[in-house]
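Below is one structure, written out as structure tokens; comments come after it.
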Amino acid sequence: MMKLIAVDLDGTLLKSDGSISLENKEALNRAKNLGIKVVICTGRPLLSVAAILDEMNLREPGDYVITYNGGLVQKADTGEILSEKSLTKADAVELYNLSKSLNLPCNLLDLDNIYELPYPKDRESWYSSTKPALPFVTTTLEELPDDSRFNKIIFCYEEKVLNEEIKGIPPEFYEKFTIMKSRPILIEMMNNEVDKGKGIEILCHLLGFQANEVMAFGDEANDHAMIEFAGMGVAMGNATTALKEVADYITDTNDNHGIAQAIKKFILTNTDHA
Numbered sequence: 463m464m465k466l467i468a469v470d471l472d473g474t475l476l477k478s479d480g481s482i483s484l485e486n487k488e489a490l491n492r493a494k495n496l497g498i499k500v501v502i503c504t505g506r507p508l509l510s511v512a513a514i515l516d517e518m519n520l521r522e523p524g525d526y527v528i529t530y531n532g533g534l535v536q537k538a539d540t541g542e543i544l545s546e547k548s549l550t551k552a553d554a555v556e557l558y559n560l561s562k563s564l565n566l567p568c569n570l571l572d573l574d575n576i577y578e579l580p581y582p583k584d585r586e587s588w589y590s591s592t593k594p595a596l597p598f599v600t601t602t603l604e605e606l607p608d609d610s611r612f613n614k615i616i617f618c619y620e621e622k623v624l625n626e627e628i629k630g631i632p633p634e635f636y637e638k639f640t641i642m643k644s645r646p647i648l649i650e651m652m653n654n655e656v657d658k659g660k661g662i663e664i665l666c667h668l669l670g671f672q673a674n675e676v677m678a679f680g681d682e683a684n685d686h687a688m689i690e691f692a693g694m695g696v697a698m699g700n701a702t703t704a705l706k707e708v709a710d711y712i713t714d715t716n717d718n719h720g721i722a723q724a725i726k727k728f729i730l731t732n733t734d735h736a
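Position in the sequence shown (from 1) plus 462 gives the number in this note's numbering.
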């Protein structure tokens, strides 16, 4: 019996128009009513997913949320941080210099703000188009305190240009940081101990769950680690080819209630006949 269902948002729970289907809501609510922990696992900060948690009835005592791609494990009702892994200002300097060498715009994110550092000429960040919940703050690295901590650093720009420019990231950066695409226009860099799989593992340790008691749903590169960690890793029908190759099961697309279909197949069918 599964004890935890980890669910990515964009391209997974959320349809292409940003809504959540009634079918997915009902299936996840039925799973929660069976005592299964339903955990949103996202690259976004908590403030950006609060309305979704409310809509899904996932902000009650005993509910959890994994944010910043596993960098934070939090209680969903209070926001209390149970685990946090972040980047230093020295990391930010190194990654900002990398962005300049690639001619890509760079943003720094902490728990409260999105920092806009000087952008390359005619290449402003596209991050505002993703409608993040945190406010943008224009600044420079020199103005930020030396003890600053950042939950992630991003390059966000037009897909074709981004894909071409990031080919120039030196291999040593992939060893020092966790670097992954979370959307076609967005690449994210985090502490090298951060990924969604590690975030779920930390929460499972706190709850006394095992990996084989976890079902996880995702569609993009930043979901790879949790799909591999989970006993039942489910790739959406619209997932990347690479994610489908490591998944235990491929369900329907995010626009056709893929989550609900898999939950009914593997969890609710068993309980309906119990």
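Beta carbons are placed, not taken as given, at the ideal position from N, Cα and C, and that holds for glycine.
query, result
"Spatial neighbours of Met-463 in its chain, beta-carbon cut-off 6 angstroms, leaving aside the 5 residues before and after", "none"
"Ile-576 (DSSP reduced to helix, strand or coil)", "strand"
"Contained alpha helix (DSSP H) runs [length at least 4] in the region 596 to 639, N- to C-terminal order", "621 to 627 and 633 to 638"
"Leu-466 vs Met-677 beta-carbon contact at 9 angstroms", "yes"
"Local Cβ density within 10 Å of Asn-559, reported as buried at 16 or more and exposed below that", "exposed"
"8 angstroms contact criterion, which Asn-716 and Asp-685 should meet: CB distance rounded", "In fact, because the Cβ distance is near 12 angstroms, the residues do not count as touching under 8 angstroms."
"Option in Met-694, Thr-731, Glu-707 and Leu-606 with minimal Cα separation from Val-469", "Met-694"
"Neighbour flag for Tyr-711 against chain C, beta carbons, 9 angstroms", "Checking the listed chains, one finds no chain C in this structure; it contains a single protein chain."
"Paired residues, beta bridge with Arg-521 - DSSP", "Paired residues: none, contrary to the question."
"Nearest candidate by alpha-carbon position, reference Glu-522, set Lys-494, Glu-556, Ala-595 and Thr-601", "Lys-494"
"Beta-carbon spacing of Ile-647, Glu-620 below 9 angstroms", "yes"
"Spatial distance of Cys-618 from Asp-572 (CA atoms)", "16 angstroms"
"Whole beta strand (DSSP E) elements within the region 634 to 683, 3-residue minimum", "639 to 645, 648 to 653 and 676 to 680"
"Under 9 angstroms between C-beta atoms of Phe-612 and Thr-550", "yes"
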